[in-house]
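Visitor:
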Amino acid sequence: MRVIAGKYKNRILKTVADNSVRPATDKVKGAIFNVMQSRVDWTQSVVLDLYAGSGSVGIEALSRGAQRVVFVENSRSALQFLKMNLDTVGANGNAQVVFGDVEKFLQSSLTKYSVVFADPPYALEALADLPTKIFERDIVAAGGYLIIEHPARFEFHPGSLWEIVAHKEYGRTNVSFFQHKKIEQ
544 MRVIAGKYKN RILKTVADNS VRPATDKVKG AIFNVMQSRV DWTQSVVLDL YAGSGSVGIE
604 ALSRGAQRVV FVENSRSALQ FLKMNLDTVG ANGNAQVVFG DVEKFLQSSL TKYSVVFADP
664 PYALEALADL PTKIFERDIV AAGGYLIIEH PARFEFHPGS LWEIVAHKEY GRTNVSFFQH
724 KKIEQ
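Read left to right, the sequence shown gives residues 544 to 728 (this note's numbering).
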């Protein structure tokens, strides 16, 4: 696993040896950032990386110029690799690492983020509710994006607060891009 572009390009990132963490592949990560390339000014963005694992997606955002990334992870072993990867690329000054449950973090967060990445465990029972929980907490800034990596067999049903603005398929992995629902006038 490596950083694809930006100031940390080609830096190698490490992750846990077991399958307890499923890091975004370079192909999926590259595709996410290709979709976002014309939609986000990374130099003006504040990013939230939920279920961060080894931090590869958030570190990619930092590499491309994100002002700040908050990483939320509840696995101690993944957290060690996340911190090591931030040290490897030298991004600690623009990163905040939160050890804890994503649900609890969402309940207490007051910050609005330009981009929210979420790569939850594929077996997460509350996956269907995740976009609504995030948009209800109002942590996605106006014009911002929520990006969720999820199993290909899973489909989000329309919500009252959000809409899917892009959807990509990569084998057994899908990525859905959400924004606030536009109010028709």
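For every residue, glycine included, the Cβ atom is placed at its ideal position computed from N, Cα and C.
Measure the C-alpha to C-alpha separation of GLN580 and ALA548 and round it to an integer number of angstroms.
Guide: 12 Å
Visitor: Between the beta-carbon of ILE682 and the beta-carbon of TYR656, is there less than 8 Å?
Guide: In this structure, TYR656 lies closer than 8 Å to ILE682 by Cβ.
Visitor: Would you mind working out which of GLU712, HIS700 and LYS647 sits nearest LEU670, comparing C-alpha positions?
Guide: HIS700
Visitor: Check whether the stretch 597-607 and the stretch 623-637 touch, using three or more Cβ-Cβ pairs below 8 Å as the test.
Guide: yes
Visitor: Considering only residues of the stretch 586-647, which uninterrupted alpha helix (DSSP H) runs meet the minimum length of 4 residues and lie entirely inside it, listed in chain order?
Guide: 599-606 and 619-632
Visitor: By alpha-carbon positions, which one of SER719, VAL583 and GLY643 ends up nearest to ALA685?
Guide: VAL583
Visitor: For LYS550, which residues in the same chain have their Cβ closer than 7 Å to its Cβ, ignoring the five residues on either side in sequence?
Guide: So the qualifying residues of the chain are SER606.
Visitor: Sorted by chain position, which residues of the same chain lie with C-beta nearer than 6 Å to GLN728's C-beta, five sequence neighbours on each side aside?
Guide: Only weak support is given to the placement of GLN728: the predicted model assigns it a pLDDT of 49, under 50, and the question is left unresolved by the model.
Visitor: Apart from the five residues on each side of it in sequence, which residues of its chain come closer than 7 Å, Cβ to Cβ, to GLU712?
Guide: ALA695
Visitor: For ASN717, which of helix, strand or coil comes out of DSSP?
Guide: strand
Visitor: Quick check: what's the CA-CA separation for THR729 versus PRO664?
Guide: Since the first residue of the chain shown is 544 and the last is 728, residue 729 is not available in this structure.
Visitor: Among all the DSSP beta bridges, which residues are the ones paired with PRO674?
Guide: Residue pairing by DSSP leaves PRO674 without any beta bridge partner.
Visitor: By DSSP's criteria, LYS711 is part of a beta bridge. Which residues make up the other side?
Guide: Answer is VAL718.
Visitor: State the beta-bridge partners of PHE660 as determined by DSSP.
Guide: ASP592 and ILE690
Visitor: Quick one: grab the DSSP three-state call for ILE547.
Guide: ILE547: coil per DSSP, three-state reduction.
Visitor: Label ALA661 either buried or exposed according to how many other C-beta atoms from any shown protein chain fall within 10 Å of its C-beta, with 16 as the threshold for buried.
Guide: buried
Visitor: Can you check DSSP and say which residues form a bridge with PHE683?
Guide: Looking at the sequence provided, one finds Val at residue 683 rather than Phe. Checking the DSSP bridge columns, you'll see VAL683 partnered with TYR656.
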